[in-house]
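See below for the structure under consideration.
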Amino acid sequence: MNLSDARHAFITGGASGIGLAIADALAARGVPVTVADVDREALEAVLASRAGRARGQRLDTRDRAGWAQAKREAEAALGPVDILVNNAGIAPDGRDFAEMDPESFDRIVAINLTGVFNGVSAFAGDMRARGRGHIVNTSSLAGLTSPFPGVGAYAVAKFGVVAMSEGLRTELAPYGVGVSVLCPGLVATNLPQTTLKLGGQLRDPSAPMQGSGVTAEAVGELVARAIAANQLYVITHPELWPAVEPRLTAIREAFLGSSDPG
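Residue numbering for the sequence shown is 8 to 269, as defined by our numbering.
The structure is reproduced here in C-alpha cells:
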C-alpha cells in the first residue's frame, strides 16, 4: 500500500509500546492516526504529547458495541480507515495449562484473539467494498512456536492470530486489501502493567519486562515498511529462527514419513 495515499490509520493498544511506535511511524509518513486504547490516562498523555498529530479513542477491544461506536466516531473525524492495526493485547499469566485459572484463559483469549477478530469484523468489510486498505494483526513469536511452559492461553491466542491473518490475507487479496501479521520477540514495553490494569495475572508481577535490544520504535518502522510492501510476516528478531525451526521441521518430517493411510 502506498502510505502517501493512506487516509486514516486506526491502531488499538496505541497509547504505549509497540502500538504507539506504529502510530508514530505512520504519522511521520503523513498518515492521520486514531490511537485507540482502554487506558484513559495513557491515552490522555499521548494526546498531550502529540497534539495535532493524532486523535484518541477509548476502546476495550472485547466490546463489540464499543467497536461500532469507535468506528463511527473515528471515521466522522478523519474519514474512512485505510489501515487497521489490531495491536492491543495482554501478557501470558505464566501458568501451565494444568494449573491455569479458567477465567485467566478466557481473558487472554478474549483480548488477544477475539479482540483482533472484533477489529476485523468492524473494518474489513468496508475495506473490501472500497477495494483498498491494509490490516496488521499483532501476534508474537509465541504464535509461531510454543516450546516453553507457562505461555498457555497466550500461545493459543497468538497462534490463532497467525491463522486468522493467513486466512484473511487469502480472502482479501482479490479485493486489493493487504494483511500483515506481526510476530515480535521480547520488546521492552509496559505490557505487564497493562495486563494488571485489565485484571490479568502474572506469575511475578514485580519482575520487569526484559527487552532484547530491539526497541518499540524499531518495530514501528518495520510495520510501516511491511504495510508499504504488503508483507505477510513481520519478524522483529530474525536471530530467533532456531526457536521456530524445530517445530516446522517436525511437521515436515511427519508429512514425509507418514505411511500410506490407505
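Every residue gets a Cβ at the ideal spot worked out from N, C-alpha and C, and that includes glycine.
Model, not experiment: these values are computed from the prediction.
State the start and end residues of the unbroken alpha helix (DSSP H) segment that holds residue i.
i, result
"Q76", "R71 to L85"
"D113", "P109 to V116"
"Y240", "Where Y240 is concerned, there is no enclosing alpha helix (DSSP H), although the beta strand (DSSP E) it sits in stretches over Y240 to I242."
"R47", "R47 to S56"
"F166", "G159 to L179"
"N125", "G122 to R137"
"A261", "W248 to G264"
"I25", "G24 to A35"
"A235", "A223 to A236"
Could you pull out every residue in the same chain whose Cβ sits closer than 6 Å to the Cβ of residue i, ignoring the five residues on either side in sequence?
i, result
"E252", "none"
"G86", "R14 and H15"
"F112", "A160"
"N237", "G185"
Here's the rule: buried if 16 or more other CB atoms are within 10 angstroms of the residue's CB, otherwise exposed. What is residue i?
i, result
"D44", "buried"
"R102", "buried"
"A131", "buried"
"P109", "exposed"
"R79", "exposed"
"S23", "buried"
"G192", "buried"
"S56", "exposed"
"L179", "buried"
"D12", "exposed"
"S265", "exposed"
"A105", "exposed"
"A77", "buried"
"A81", "buried"
"A233", "buried"
Counting only the same chain and skipping the five closest in sequence on each side, list residues whose C-beta sits under 7 Å from that of residue i.
i, result
"G96", "G20, I118, N119 and T145"
"F155", "none"
"A32", "G227, E228, V230 and A231"
"V116", "A160, V163 and A164"
"T68", "T19, A95, I118, G122, N125 and G126"
"R71", "N125"
I'd like the list of long-range same chain contacts for residue i, defined as Cβ closer than 8 Å, with 5 residues on each side in sequence excluded.
i, result
"L5", "Coverage of the chain is limited to positions 8 through 269, which leaves residue 5 absent and any answer about it impossible."
"F124", "M171"
"S213", "With a pLDDT of 48 at S213, under the threshold of 50, the predicted position of this residue should be treated as unreliable, though the coordinate-derived value follows. No residues qualify anywhere along the chain."
The beta strand (DSSP E) that contains residue i, what's its start and end?
i, result
"V188", "V184 to C190"
"T41", "V40 to D44"
"F17", "A16 to T19"
"L91", "I90 to N93"
"R62", "R62 to R65"
"I142", "G140 to T145"
Measuring CB to CB, does residue i end up less than 8 Å from residue j?
i, j, result
"V127", "F17", "no"
"G227", "I90", "no"
"L148", "A257", "no"
"R139", "V184", "yes"
"V194", "T243", "yes"
"V38", "L66", "no"
"Y182", "R114", "no"
"G157", "P99", "yes"
"V92", "V53", "no"
"M8", "A235", "yes"
Measure how close the beta-carbons of residue i and residue j come, nearest whole angstrom, since I'm counting them as under 8 Å.
i, j, result
"M107", "A164", "That pair is no contact at about 13 Å."
"A75", "A129", "7 Å"
"V42", "G59", "Their Cβ separation, rounded to whole angstroms, is 13 Å, which puts V42 and G59 out of contact at 8 Å."
"E224", "A49", "Not a contact, Cβ separation roughly 17 Å."
"A61", "A35", "That pair is no contact at about 11 Å."
"C190", "V241", "7 Å"
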